[in-house]
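All residue numbers for the sequence shown refer to my numbering, where the first residue is 8 and numbers rise by one. Using N, Cα and C, we set each Cβ at its ideal position, and we do this for glycine too. Values in this document were obtained by computation on a predicted structure and should not be read as measured data.
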Amino acid sequence: MSLDQPPLDTSPPVADEVRKTTCYMCACRCGINVHLRDGKVKYIEGNRDHPVNRGVLCAKGSAGIMSVHAPSRLRKPLKRTGPRGSGQFEEIEWDEALEIAVSWLKPLHETAPEKLAFFTGRDQSQSFTGWWAQAFGTPNYAAHGGFCSVNMAAAGIYTMGGSFWEFGQPDWERTKLFMLFGVAEDHDSNPIKMGIGRLKARGAKIIAVNPIRSGYNAVADEWVGITPGTDGLFILSLIHVLMKAGKIDLDYLIRYTNAPFLVNCDEASPEWGLFLRDETGAPLVLDRATGKPAPHDGAGVKPDLANGWRHGGTTHKTVFQLMAETYLDPRYAPEAVAERCGVSPERIRHIAGELAL
Ligand code: SF4
């Protein structure tokens, strides 16, 4: 009896063409190889040469094929034919859809264009939809990014001097403590998964703050099951504890943030709440060497964090002074926020201590 097995092709070709592009199922833009046969998408795989994902493809990215093939995909404009909420629609041609849109929009455009509030989802052309809204004459437009990655990018720029994913990367190689706030796991984020893997491989600590313990929170060293909507209050309490303990990196604040900038504190002034600036528009700080305002990035200027400047009857305080006045208030003490946040005072102090290490 022969033990020879019949030859089997365990990897038959699924495609006759491979196109390299990026996944648009979330903001990470992982590199993908899209396999096509007869011009139709058959299969999507991660691109091992792409720097963002190195071949990793999440389930959501794999499901990107359905954005082409799903039976529910819209192929034409839909017009509602039944009462609102009834789910009754019929397909119409683009000419008819455009006529309907013009009949709604033209009277507004001619009378009060700002009454149009315009919101788009995660389209691929938010700059164009914004441009369209401006051309129409309404400032009331928004898109998905304003509720998602744009905030993330702004926070990254203000705290790390750069932003996440396609805009930049956390310092995975040197990070000692990584805190995650409210990350949505449906946002599959291969770069975060790979980065967390690198942190865990070299023993860095991960603290995840999220009402649910799934995904990244499940692999974190510490999970803080916070009450939804109280992340900001929790962070302000951490600031309170760190300020009270004097565990603040003052040199960092001076060098990389606007903490020493002078702010107009005269409520009667038209400049109230704004930075004091010189004639070129540069924000000013109080120079410890001269006791006078000077550009924050001027040569030899030593910004003062703790003292303001009074001139012509107007008081200016540093951003740091205003922060200290606000966040050292007992209303941000761990005992005052614990019940609302669902995090004990001891835990808040413990996490502040981790940050201060
Ligand atoms: S993380 Fe997943 S969904 Fe997001 S771009 Fe990468 S493969 Fe696509």
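- The beta carbon of N40 sits no closer than 7 Å to any heavy atom of the ligand SF4.
- Judged by DSSP in its simplified three-state form, N158 adopts helix.
- Beta-bridge partners assigned by DSSP to F185: I213.
- At least one heavy atom of the ligand SF4 falls within 7 Å of the beta-carbon of G68.
- Closest in C-alpha terms to M159, from the list N147, P146, L187 and T145, comes L187.
- Inclusion of N60 in the 7 Å shell around the ligand SF4 follows from its C-beta lying nearer than that to a non-hydrogen atom of the ligand.
- The alpha-carbon separation between W279 and N197 amounts to approximately 45 Å.
- Non-local C-beta neighbours of L249 in its own chain, meaning closer than 8 Å and more than five positions away in sequence, comprise I255, A359, L362 and A363, ordered along the chain.
- Leaving aside the five residues that flank V75 on each side, the residues in its chain whose CB is nearer than 7 Å to its CB run, in chain order, V48.
- Per the coordinates, the alpha-carbon of I199 lies some 26 Å from the alpha-carbon of S134.
- Taking C-beta separations shorter than 7 Å and ignoring five residues to either side along the sequence, the partners of N54 in its chain run K27, G38, I39, N40 and G62, following chain order.
- A distance below 7 Å between beta-carbons, with the five flanking residues on each side excluded, links N147 to the following residues of its chain, in chain order: E121, L123, A124 and F125.
- DSSP places W230 in the uninterrupted beta strand (DSSP E) bounded by E229 to V231.
- For the beta strand (DSSP E) assignment, the uninterrupted runs of no fewer than 3 residues enclosed by the region 218-286 are, from N- to C-terminal side, 229-231 and 269-271.
- Between L269 and L293, the beta carbon gap of about 6 Å places them in contact (Cβ cut-off 8 Å).
- Setting aside the 5 residues that flank it on each side, P267 is surrounded in the same chain by I261, V292, P310, L312 and T325, each with a C-beta closer than 6 Å to its C-beta; the list follows chain order.
- The Cβ neighbour count for W316, taken over all protein chains shown within 10 Å, is at least 16; the residue is labelled buried.
- Using a Cβ distance threshold of 8 Å, A215 and Y223 count as a contacting pair.
- For the 8 Å CB-CB criterion, P302 and A289 form a contact.
- Runs of alpha helix (DSSP H) with 4 or more residues, each lying fully within the region 51-138, are found at 66-69, 73-76 and 101-118, listed in chain order.
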